[in-house]
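Participant:
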Amino acid sequence: MALDIKQQDFTVERDEEKCIRCQVCVRQCANDVHAYDKDEDRVTSNPKSCAGCQRCVALCPTNALAVRRNSSELRDNANFTFQVVKDIQKQAEQGGILLTGMGCDKPYTIYWDHMLLNASQVTNPSIDPLREPMELKTYIGSKPNKLEFSNGDIPEIRTKLAPQLTLETPVMFSAMSFGSISYNAHQSLARASRDLGTVYNTGEGGLHKNLYEYAANTIVQVASGRFGVNPEYFEHSAAVEIKIGQGAKPGIGGHLPGEKVSAEISETRMIPQGTDALSPAPHHDIYSIEDLKQLVYALKEVVEYEKPVGVKISAVHNVAAIASGMVRAGADFIAIDGLRGGTGAAPTVIRDNVGIPIELATAVVDAKLREEGIRHKASLVVAGGVRNSGDVLKAIALGADAVYIGTSALVAMGCHVCQKCYTGKCNWGIATQDPYLTKRLNPDIGKRRLVNLLHAWSLEIKEMMGGMGINTIESLRGNREHLRGIGLTELELSILGIKHAGEGW
Ligand code: SF4
Ligand code: SF4
């Protein structure tokens, strides 16, 4: 066997005085970091395979464990950092593409943290959300540019309205396929969506029959591999989303290895068990906006114009012009996934180097659609690094109708962002199909934690809106006067379309 010269990412420290040799850590670690030595009656560790998921630390009954970043660094080098050297060593060993999970973790500017929200003082007084009604209801779909009413004592709307998704809060769960995440994780998302009055998204992995009952809260995706796409799929949905791209891997397809294609996944995706599920990079029938339009209208025919049909892309350099084309192709909503959007598996080099931050994409897409007079024709849903209620409000003030959250939802269910989803050995029972591991996520608990998270965010959103003196989320949409930049250049402020902190109205 070749010598493994890579340094470990983590160190595992076990306090021998506290350890009662219960072997919980041995049983909990799918990476075989811990082992029980029967002869010596002691538990040992091999930190080289530690993913840093912190499962053993969380479950050790005596708090005997600590998993820390490996402090044994190389000589300081701003160019060839520990990670750069490690990646080269790994590729020299394996000769393949480096894979990773979750979103880009590079220290690019997080624009959410460089924008500040406004609050009312004296004039336009703030509103107390405990005493006054606050409206977070959001409608996703194409809107008419004007309404026509009938004459008469009680005028009725004559304009035919396009189908809408109704959300009780402007936060949706983003596309995560059954295959990339476990059935229990999918079930948690579906059940939480129903309780919260929002939607989850099947991703490109089809829809498990047991989840048909959550149809009113399900967005079904049509991706390049067309996995699981059949008439029943559309029947059990509230909206359809054509997936062209995703933030973590713009421009490339997907790959679910055959070993993860279990009997259930095979049935749901409609592919043979044990075969690789390969999503091609492009849709083989889409090479232009006109082609996209044909697919949008083909799907509208399928759902008899009763459900919104949207299109999802990754945020790339020309995102505003592409978004304009998507709206002109008839999309009822457009979803834009930014640079920090998560994934179950992506080449590290693509995840970390391709795309643009969602904050900038949101601002330029909203501005472009307004400039062209077509903003009302489609809702704008943005994703990729939305971490808290402050980010949600800033996204809406920049011009989004709603946000998608993926990583934050997984963290609510127990994910510790170890980025090892692509190994299929998620110790938290989320990004895995191993029956021993999937049991670890109880869907009752998963659902409850997701409901708690969005409930808490909704309360915070209402508090912040009240502070701004507005009582409907609609009034904040695209209202960039409620944002000010801090620590940004003139060009960044101009792209975001906001003033610098300290500038008045
Ligand atoms: S879980 Fe904690 S107490 Fe149990 S064997 Fe591991 S380190 Fe020791
Ligand atoms: S889902 Fe699991 S494997 Fe993926 S980052 Fe979270 S804890 Fe790690």
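Just so you know, numbering that gives the first Met the number 0 puts 364 at position 365 of the sequence shown, and the rest follows in order with no gaps.
Glycine included, C-beta positions come from ideal geometry on N, C-alpha and C.
This one's a predicted model, so the numbers in the text were calculated from it and none came from an experiment.
Where does F148 land, buried or exposed, given buried means 16+ other C-beta within 10 angstroms?
Facilitator: It counts as exposed.
Participant: Quick one: give me the first and last residue of the beta strand (DSSP E) that D336 is part of.
Facilitator: Where D336 is concerned, the enclosing beta strand (DSSP E) stretches over F332 to D336.
Participant: Taking 7 Å as the cut-off, is the CB of H415 close to at least one heavy atom of ligand 2?
Facilitator: Under cutoff, so the answer is yes.
Participant: If you count every other CB in all the chains shown that lies within 10 Å of the CB of M325, and 16 or more means buried, which is it?
Facilitator: Burial call: buried.
Participant: Heavy atom of ligand 2 less than 7 Å from the Cβ of G100, yes or no?
Facilitator: Answer for G100: yes, Cβ within range of ligand 2.
Participant: What does the Cβ neighbour count give for Q90, buried or exposed, with the cut at 16 atoms within 10 Å?
Facilitator: Label assigned to Q90: exposed.
Participant: By how many angstroms is the C-alpha of K105 removed from the C-alpha of D331?
Facilitator: Cα-Cα distance, rounded: 33 Å.
Participant: Take I270 and list the residues in its own chain whose beta-carbon comes closer than 7 Å to its own, dropping the five residues that flank it on each side.
Facilitator: Within the same chain, I270 has close Cβ partners F226, V260 and A276.
Participant: State yes or no: is the C-beta of A430 nearer than 7 Å to some heavy atom of ligand 2?
Facilitator: Indeed, a heavy atom of ligand 2 lies less than 7 Å from the Cβ.
Participant: So T361 is in the alpha helix (DSSP H); what residue range does that whole segment cover?
Facilitator: Unbroken alpha helix (DSSP H) run through T361: I357 to E370.
Participant: Please determine, among I87, N117 and Q88, the residue with the shortest C-alpha to C-alpha distance to G501.
Facilitator: Closest by alpha carbon: N117.
Participant: Hey, is the segment 448 to 457 in contact with the segment 201 to 208, meaning 3+ C-beta pairs nearer than 8 Å?
Facilitator: Touching, no.
Participant: Distance, Cα to Cα, T267 vs K208?
Facilitator: Their Cα atoms are separated by approximately 8 Å.
Participant: Please classify A411: does DSSP put it in a helix, a strand, or coil?
Facilitator: The answer is helix: DSSP assigns A411 an H, G or I state.
Participant: What does a CB cutoff of less than 7 Å around K438 pick up in its chain, not counting 5 residues either side in sequence?
Facilitator: G428.
Participant: List the residues that DSSP assigns as beta-bridge partners of F9.
Facilitator: The partner list for F9 (beta bridge, DSSP) reads R68.
Participant: As a quick exercise: from N69, S70 and V84, pick the residue whose alpha carbon is nearest that of N76.
Facilitator: Of N69, S70 and V84, the residue nearest in Cα terms is V84.
Participant: What number of angstroms, rounded off, separates the C-alpha of A297 from the C-alpha of S378?
Facilitator: C-alpha separation (whole angstroms): 20 Å.
Participant: Mind reading off the beta-carbon distance from L449 to S287? Whole number of angstroms is fine, and I expect it under 8 Å.
Facilitator: With a Cβ gap of about 39 Å, L449 and S287 do not count as contacting.
Participant: Just checking my contact of C55 with C28 at CB under 8 Å: how many whole Å lie between their CB atoms?
Facilitator: With 8 Å as the limit, C55 and C28 qualify as a contact, their Cβ atoms being about 6 Å apart.
Participant: Could you name the residues whose beta carbon sits closer than 7 Å to any heavy atom belonging to ligand 4, keeping them in chain order?
Facilitator: Ligand 4 is not part of the structure shown, which contains ligand 1 and ligand 2 as its ligands.
Participant: Taking its Cβ as the centre, do 16 or more other Cβ atoms sit within 10 Å of L474, making it buried, or is it exposed?
Facilitator: The sequence as given places Ser at residue 474; Leu does not occur at that position. That one is exposed.
Participant: By DSSP's criteria, E134 is part of a beta bridge. Which residues make up the other side?
Facilitator: The partner list for E134 (beta bridge, DSSP) reads T471.
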